[in-house]
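Chain order of the listed sequences is B and F. Note that the working numbering gives residue 128 to position 128 of the first sequence, counting from 1, and the numbers run on in steps of one. Note that the working numbering gives residue 1239 to position 239 of the second sequence, counting from 1, and the numbers run on in steps of one. Built from N, CA and C at the ideal position, the CB exists for glycine as well. What follows is one structure encoded as structure tokens, with my remarks underneath.
Number of protein chains: 2
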Amino acid sequence: MSLVVQKYGGSSVADADALKRVARRVVETVRAGNQVVVTVSAMGDTTDDLIDLAQAITDSPDPREMDILLTAGERISMALLAMAILSEGVPAQAFTGPQAGVITTEHHGRARIIDVTPGRLTRALEEGKVAIVAGFQGLHPETQDVTTLGRGGSDTTAVALAAALKADACEIYTDVDGVFSADPRIVPSARKLDRVSYEEMLDLAASGAKILMPRCVEYARRFKVPIHVRSSFSGLEGTWVMDETKEGDEVEDPIIAGVAHDRSEAKITVIGVPDVPGSAARLFEAVAFADVNIDMIVQNVSATVTGVTDISFTLPTAQVPEARAAIAADAAAIGYAELTVDDTIGKISLIGAGMRSNAGVSAQFFSALRDAGVNIEMISTSDIRISVVTRSEKLDDAVRAVHTAFGLDTEDGEAVVYGGSGR
Amino acid sequence: MSLVVQKYGGSSVADADALKRVARRVVETVRAGNQVVVTVSAMGDTTDDLIDLAQAITDSPDPREMDILLTAGERISMALLAMAILSEGVPAQAFTGPQAGVITTEHHGRARIIDVTPGRLTRALEEGKVAIVAGFQGLHPETQDVTTLGRGGSDTTAVALAAALKADACEIYTDVDGVFSADPRIVPSARKLDRVSYEEMLDLAASGAKILMPRCVEYARRFKVPIHVRSSFSGLEGTWVMDETKEGDEVEDPIIAGVAHDRSEAKITVIGVPDVPGSAARLFEAVAFADVNIDMIVQNVSATVTGVTDISFTLPTAQVPEARAAIAADAAAIGYAELTVDDTIGKISLIGAGMRSNAGVSAQFFSALRDAGVNIEMISTSDIRISVVTRSEKLDDAVRAVHTAFGLDTEDGEAVVYGGSGR
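What follows is the structure, encoded as structure tokens:
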């Protein structure tokens, strides 16, 4: 008998009919001889509706109270799912994050899971019940208050439960068939990956593939939890995210897993920074102190003025105001002439564990971009990834050109709706 | 410094504006030098919406899961109220029933409070915070599951917290100005009572006055919690429900507190029951076993057949199907000829602690009914109450006639919207 943790996102439980569909899938899994733990997000727009309510009360809701408010969403979906499973004749019980033993840090709205003590879940499973757990939430033990995990929290809940229960698999149900070699909305011939390593998935996620959040993949890698990303609609086998294949398999493996793209970043250029030790450090200290996530950095000697340099970096567009304010506040110490913001950039990334042992990947990547007339503005690399920044309007062309150049297109590729996994 | 527990029902927190209004009233109470604990119901239609969701999933929702679902309602309103109070610059913290230490029996959907351990509330008050508590819910300690208290649960939560915290008063905010000498929709000249004893309030509540549930008044009487029923809209002084006045005051007190009426009951008549020992007992055992609440009972010797008797009793109309089924299931043992149901009855009750020491109240009551042409079908009395059953269509006339006969009309009475206090 296997133990399976299943996670269903908000779109999979959008209304009563969707919940009944999920219940039938859970019941099928039980009838196939498995023990099942289900993690569930809030239904459809519930979370947005609750946020709107809070905004109608105040511009700056208290984080502790906001978490109390938002956790009502999963409370509703988990109770309804339990009722739906029970009405199919299968024993089931719903548990909040705190009841399920999900222990977190105290950071309301962005807590991190520090432990899982799943005693109640184990007991429910032993009694032959399906255990349903509210995703996205946990308990901070010192305050005894409920916390929420922030973006990607429900996926992380599922992986953390799978790790604590030593589950055989963690199935993440979403509205697409799995992880693809590129976004099928841009590359209709993109193919579903049967298997991808944790490392590759981490880089795909960090490079704009919205199917899983990096924190969830990181948790799975640490505890060796095999993740199965699959569709809650089609029932097809999806993509397994798990350890890299054994050495012997490697010849069979594709060099490249996929092409990711990201339009959510902007570029800030700080012009005329004195070219002396400490100036750049001061700049990035100011930005880091404002909790801004910097992605890529390029420093150029100024072409026109001597003794100064221009520094460009990319960051999430949403964080531009904070970064700008932080730099302005420290302007005297940094000593720059001007600051420009460019939010019409795009980033394309090529990811594959096979890059490590295959020279020439970069050359092939750059020549594909050149042939497609795509100009490169910034470059960053890791051992299994190459990313470049280009103009946003050139990004789709770039993704298609690179996907084709690396032989990733399928013959029978067809358009698939490719969306995020919500929270 | 006084400690005040305030309770706001669903209509007082129907939307964001209503919540802000409640927040301002709480803040006023704090600024007047009081410590405040607030109990809050779910917003407006939230509970009905959640019940509809459950009904869309299954006809018979699991009681445990139903309680998890319904408690999401207070979770939302309590968090929003905390935000609203915080945004007025007053420290506040929201607590679920379990967090507030409300310990209950295990009966999901109709749990009873067995203890309150308000350690977290006391700490919050000591820290100068307003403590907001979800009404209607608690924790069953053995299962560690949330429970709901059923109808009137939020009022009972408020009284139970007031008792446990030894509060100076428990203010129940509603949409009317207090407890009236009769329903102002029927008797426009009804007057607001300044003060009513626990006993009188219990009888008023049990006789159809919807302003407080009997269980809440019973709890207040047991722990001597003074209840102040008042309007969340007008801000006027309302009605105090508290111990009877001292002996010395009694001459000043009115003999009659008020006239209550009730259209929610039906009458079942079981015809041709053998007039032998045990037959009636068997009938009422069957009904009691079905958890039906019987109110009044009348037994008449049959006018036409000898050796048999007709038994009539009143019960909530909603419970007629259960009662009917229970009697039918035991028909052989009871041995009756026929069963009739009459759901066009009404009950009028006259309540007043002064009845004990004043003879002639009954006579005056019956003559007022006679003068109004109201026929009496059943009678029941206690030491502070007389109730009669009459035709439903005669009930309004009966209430007005009795109200006038006992000198309860005010000169300046004006129509007031008189509604229930929700849960």
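Query raised in the report: Who are the Cβ neighbours of Asp1409 of chain F in its own chain at under 7 Å, not counting the five residues just before and after it?
Result: Ser1189, His1403
**Report entry** Residue-chain proximity (Ser87 of chain B, chain F), Cβ-Cβ < 8 Å
**Finding:** yes
Query raised in the report: Relative to the alpha-carbon of Leu1165 of chain F, which residue among F:Pro1098, F:Gly1138, F:Val1225, F:Glu1127 has its alpha-carbon at the smallest distance?
Result: F:Val1225
**Report entry** Pro321 of chain B versus Val287 of chain B - alpha carbon distance
**Finding:** 11 Å
Query raised in the report: If you run the structure through DSSP and keep just helix, strand and coil, what is Lys20 of chain B?
Result: helix
Query raised in the report: Closest Cβ-Cβ distance between Gln1137 of chain F and chain D: below 8 Å?
Result: In summary, chain D is missing from the structure at hand, where the protein chains are B and F.
Query raised in the report: For Leu125 of chain B and chain F, any beta-carbon pair shorter than 8 Å?
Result: no
Query - Proximal residues to Ile68 of chain B (C-beta, below 7 Å), its chain only, five neighbours per side dropped - result: Val146
Query - Through-space distance from Val1038 of chain F to Val1005 of chain F, alpha-carbon basis - result: 6 Å
Query raised in the report: If you draw a straight line from the alpha carbon of Ala134 of chain B to that of Met78 of chain B, how long is it in whole angstroms?
Result: 6 Å
Query raised in the report: Since Ile76 of chain B meets chain F, which of its residues come closer than 9 Å, beta carbon to beta carbon?
Result: Leu1050, Leu1053, Ile1068, Leu1069, Ala1072
Report task. For the beta strand (DSSP E) holding Thr1047 of chain F, just list the boundary residues, first then last. Result -> Not the beta strand (DSSP E): Thr1047 of chain F falls in the alpha helix (DSSP H), residues 1046 to 1057.
Query raised in the report: So, Val179 of chain B versus Arg400 of chain B, is the Cβ gap smaller than 8 Å?
Result: no
Query raised in the report: For Leu1121 of chain F, which residues in chain B fall below 8 Å Cβ to Cβ?
Result: What Leu1121 of chain F touches in chain B: nothing, since even the nearest Cβ is about 13 Å away.
Report task. Answer yes or no: do Gly1101 of chain F and Arg1120 of chain F have a C-beta to C-beta separation smaller than 8 Å? Result -> yes
Query raised in the report: Val1388 of chain F: which of F:Glu1377, F:Leu1204, F:Arg1075 sits nearest, CA to CA?
Result: F:Glu1377
Query raised in the report: Hey, Asp1243 of chain F and Ser1197 of chain F: beta-carbon distance below 8 Å or not?
Result: yes
Query raised in the report: Looking only at C-alpha atoms, which of F:Glu1088, F:Ser1060, F:Gly1044 sits nearest to Ala84 of chain B?
Result: F:Ser1060
Query raised in the report: Which runs of the beta strand (DSSP E) spanning at least 3 residues fall entirely within the region 1141 to 1165 of chain F, listed in chain order?
Result: 1145 to 1148
Requested in this report: Starting from Glu1285 of chain F, trace the alpha helix (DSSP H) both ways and give me its first and last residue.
Outcome: 1279 to 1289
Requested in this report: Report yes or no: is there a C-beta of chain F within less than 8 Å of the C-beta of Leu149 of chain B?
Outcome: no
Query - Closest residue to Gly97 of chain B among B:Leu70, B:Ile255, B:Leu53, B:Ile271 (Cα-Cα distance) - result: B:Leu70
Requested in this report: Indicate the three-state DSSP secondary structure (helix, strand or coil) for Ile103 of chain B in the structure shown.
Outcome: strand
Report task. Since I believe Glu265 of chain B is in contact with Leu315 of chain B (beta carbons under 8 Å), could you give me their beta-carbon distance rounded to a whole number of angstroms? Result -> 6 Å
Query raised in the report: Taking Cβ-Cβ distances shorter than 9 Å, what residues in chain F pair up with Ile57 of chain B?
Result: Ala1016, Leu1019, Lys1020, Ala1023, Leu1080, Leu1081, Met1083, Ala1084, Ser1087
Requested in this report: Could you list which residues in chain F have their beta carbon closer than 7 Å to that of Ala94 of chain B, in chain order?
Outcome: Glu1065, Ile1068
Report task. Measure the CB-CB distance between Asp1062 of chain F and Leu86 of chain B and report whether it falls below 8 Å. Result -> yes
Query raised in the report: Is any beta-carbon of chain B found at less than 8 Å from that of Pro1061 of chain F?
Result: yes
Report task. Kindly say whether Glu1252 of chain F, judged by its beta-carbon, lies nearer than 8 Å to any beta-carbon of chain B. Result -> Note that Glu1252 of chain F has pLDDT 48, beneath the 50 cutoff, so the model's placement of it is unreliable and the number below is only indicative. No, Glu1252 of chain F lies away from the interface with chain B (no Cβ there is under 8 Å from its Cβ).
Requested in this report: Taking Gln1035 of chain F as the query, report the chain B residues whose CB atoms sit under 8 Å from its CB, ordered along the chain.
Outcome: Within 8 Å Cβ-Cβ: nothing; Gln1035 of chain F doesn't reach chain B, min ~20 Å.
Report task. Tell me the start and end of each unbroken alpha helix (DSSP H) in the region 1336 to 1401 of chain F that is at least 4 residues and wholly inside, in chain order. Result -> 1361 to 1371
Requested in this report: Tell me where the beta strand (DSSP E) around Ser197 of chain B begins and ends.
Outcome: 195 to 197
Query raised in the report: Distance, Cα to Cα, Glu1252 of chain F vs Gly1258 of chain F?
Result: Low per-residue confidence applies at Glu1252 of chain F: pLDDT is 48, beneath 50, and the placement is therefore not dependable, though the value from the model is reported in the following sentence. Each residue's Cα considered, the two are about 16 Å apart.
Requested in this report: Taking only beta-carbon positions, decide if Gln1144 of chain F is within less than 8 Å of chain B.
Outcome: yes
Requested in this report: To the nearest angstrom, report how far apart Asp17 of chain B and Lys1129 of chain F are at their CA atoms.
Outcome: 43 Å
Query raised in the report: Shorter than 8 Å from the beta carbon of Gln99 of chain B to some beta carbon of chain F?
Result: yes
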